[in-house]
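A.B. asks:
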Amino acid sequence: MIQPKNFVKTVLSWQAAHGRHQLPWQHPATPYRVLVSEIMLQQTQVATVIPYFERWMTRFPTLQSLADASEDEVMALWQGLGYYSRARNLQKAARFLVDTYNGEFPQELTDIQSIPGVGRYTAGAIKSFAYDEYGPIVDGNVRRLFCRLFGVEGVPSTSKVDKALWQLAEDYTPNQNNRRFAQGLLDLGATLCTARNPKCTECPFADHCVALHTGRVSELPTAKPKKTIPKRTGHFLWLQKDSELYLEKRPEHGIWASLWSLPELGEAPTNATLKGSFQHTFSHYKLDAKIWTLTTIPNDTVAEGKADKWAAFDDLTDIGLPAPIRKYIEQHSR
DNA sequence: CAAACGTGGCC
DNA sequence: TGGCCAAGTTT
1 MIQPKNFVKT
11 VLSWQAAHGR
21 HQLPWQHPAT
31 PYRVLVSEIM
41 LQQTQVATVI
51 PYFERWMTRF
61 PTLQSLADAS
71 EDEVMALWQG
81 LGYYSRARNL
91 QKAARFLVDT
101 YNGEFPQELT
111 DIQSIPGVGR
121 YTAGAIKSFA
131 YDEYGPIVDG
141 NVRRLFCRLF
151 GVEGVPSTSK
161 VDKALWQLAE
171 DYTPNQNNRR
181 FAQGLLDLGA
191 TLCTARNPKC
201 TECPFADHCV
211 ALHTGRVSEL
221 PTAKPKKTIP
231 KRTGHFLWLQ
241 KDSELYLEKR
251 PEHGIWASLW
261 SLPELGEAPT
271 NATLKGSFQH
281 TFSHYKLDAK
291 IWTLTTIPND
301 TVAEGKADKW
311 AAFDDLTDIG
321 LPAPIRKYIE
331 QHSR
């Protein structure tokens with residue numbers, strides 16, 4: 001088993017030579033920029049995040065500007081990125097930091113982790129990237145790297161394996177050069193120790209890698225047993241008046257929370273015409289969406305308790321809509 | 001602790 | 001084409 005001092009030294013030198021040094025959030029790596037990037041990067045690839053990050057920082061350059069923004073504008077900027085609770089949590093975080101810490105960031109790991117939307121990984125990332133201080137991280141990249149390098153068996157999401165991985169992270173994280181070390185871990189996982197076709201011949205840890213030596217690179221980390229995802233049918237209402245479309249704001253919880261959308265109906269309407277349909281696969285179910293139209297516009301369209309509005313097609317760009325709903329509207333609005 | 005929570009890219 | 005994967009957190 002490679003010694004921590006050796007491990008750190010190798011990660012640092014590899015990162016300097018082969019790591020990523022031009023990611024937008026690295027320059028400058030202020031606490032706010034690191035927070036925004038880390039939240040956006042949760043379960044989301046770097047290439048996808050970059051344009052969102054640039055737009056976000058232009059519109060919300062400071063914690064205060066984000067705290068002052070309307071939820072609709074926050075959601076509009078996040079639209080298309082997915083996992084929308086992240087957007088609401090990010091604004092909650094801004095307001096929390098302004099209210100609780102006078103707009104500053106706390107320094108202690110446990111205090112950082114008390115920020116809305118910030119879990120153990122993100123807290124460690126902020127410590128490492130923003131402060132260049134000790135902050136262990138275990139994300140998908142580190143998980144893959146550690147499971148292979150140390151030959152960790154078992155499904156990583158189980159508490160036993162998860163605990164072992166965090167223990168390794170704590171033990172192998174140095175007390176200096178943390179920014180470069182953390183970046184090196186992520187870069188190793190993202191560019192060499194990848195899920196498919198890892199580049200073991202280029203890996204600086206090839207000599208020490210348990211998985212490589214035992215021919216188990218493709219077996220580690222242990223895959224989680226997959227379960228079949230269910231199918232659901234959703235009914236949506238297309239209500240058009242000239243060049244305007246009727247929209248409702250979705251609830252604070254559940255799928256597409258806090259976005260605007262074609263109104264979703266509880267069941268198939270009896271007095272409507274089927275306009276079209278589309279399929280959409282989420283991480284946890286398949287949606288068979290049916291789009292219905294009414295031939296006559298009712299006078300009382302409002303579902304009680306929900307915000308609603310008529311929106312011009314030309315104005316939809318600045319409204320946060322679910323990606324497949326936006327796609328459907330674009331394909332059927334002319 | 002399992003489930004909820006999005007979307008786009010890749011092979 | 002369909003399953004897998006991506007800088008996880010919350011409930």
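Numbers 1 to 334, taken from my numbering, label the letters of the first sequence in order.
All residues carry an ideal CB built from backbone N, CA and C; glycine is no exception.
Small disclaimer: the values here were computed from a predicted structure and weren't measured.
1. Bridge partners of arginine 232, per DSSP?
2. Would you mind sorting glutamine 167 into buried or exposed? The rule is 16 or more other CB atoms within 10 Å of its CB.
3. Hey, is the segment 6 to 16 in contact with the segment 67 to 77, meaning 3+ C-beta pairs nearer than 8 Å?
4. Would you check if the distance between the CB atom of alanine 169 and the CB atom of lysine 249 is smaller than 7 Å?
5. Can you list, in chain order, the residues of its chain with a C-beta nearer than 7 Å to that of glycine 80? Leave out the 5 residues immediately preceding and following it.
6. Taking contact to mean at least 3 C-beta pairs separated by less than 8 Å, is the segment 173 to 184 in contact with the segment 126 to 134?
7. For alanine 195, which residues of its own chain have a beta-carbon under 7 Å away from its beta-carbon, when the five flanking residues on both sides are left out?
8. Excluding the 5 residues flanking threonine 30 on each side, which residues of the same chain have their C-beta closer than 8 Å to its C-beta?
9. On the DSSP bridge assignment, give the partners of glycine 276 in chain order.
10. Just to confirm before moving on: does the CB-CB distance between glycine 320 and leucine 259 stay below 7 Å?
11. Looking only at DSSP bridge pairs, what is serine 261 linked to?
12. Please report how far the alpha carbon of proline 207 lies from the alpha carbon of glutamate 153, in whole angstroms.
13. Along the chain, where does the beta strand (DSSP E) that runs through aspartate 308 open and close?
14. Let's test the definition: count the other Cβ atoms within 10 Å of the Cβ of histidine 21 and tell me whether it reaches 16, buried, or not, exposed.
15. Among Ala312, Lys275, Thr62, which one has its Cα closest to the Cα of phenylalanine 105?
C.D. replies: On the basis of the supplied data:
1. Leu287
2. exposed
3. no
4. no
5. Ala323
6. yes
7. Arg144
8. Ala130
9. Ile291
10. yes
11. Glu248
12. A quick correction: the sequence has aspartate, not proline, at residue 207. Computed Cα separation, rounded: 19 Å.
13. 308 to 312
14. exposed
15. Thr62
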